[in-house]
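Notes follow the structure.
In the UniProt record's numbering, the protein residues as written are 1 to 138.
Rendered as structure tokens:
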């Protein structure tokens, strides 16, 4: 059989199978009641927090503060970046989604490129110890 005949037969068999499976009787709908959750619903709670890390030896410097009335959340966080700038993100989150404004303080400072020595270096094989026998050789 040719490829076209095989493909045609596969399509016919698929269409017949589809017709058989979709022409069955309609399944009965579930009419029972849905059990209510026993979990108590609470109104949105207001919150407010702030924290900060400033550790000069490790160069860690970041903070976060946030406030919410239970429906609208506002806040900001800041991070000291490796290039010397500080990234500050101020955000609002409500029923319309999360909206952030990002700004940077300071100038980016990059270290001067170090000189690269591109001279080939010789690599000599190390001398290997010769194996010794553990039994007398005749």
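Glycine residues also receive a C-beta, built at the ideal position from the N, C-alpha and C atoms. Owing to the predicted nature of the structure, the values given are computational and were not obtained by experimental measurement.
Check	Outcome
Whether residue 85 touches residue 63 by CB criterion (8 Å)	no
Residue 14 - DSSP class collapsed to helix/strand/coil	helix
Assumed close pair residue 46, residue 69 - CB separation to whole angstroms, cut-off 8 Å	5 Å
Among 65, 72, 42, 38, nearest to residue 50 - alpha-carbon criterion	65
Whole-angstrom distance between residue 32 and residue 71, CA atom to CA atom	35 Å
Coil, strand or helix - residue 20 by DSSP	helix
Sheet register partners of residue 95 (DSSP bridge)	DSSP, once it has assigned bridges, lists no residue as partnering residue 95.
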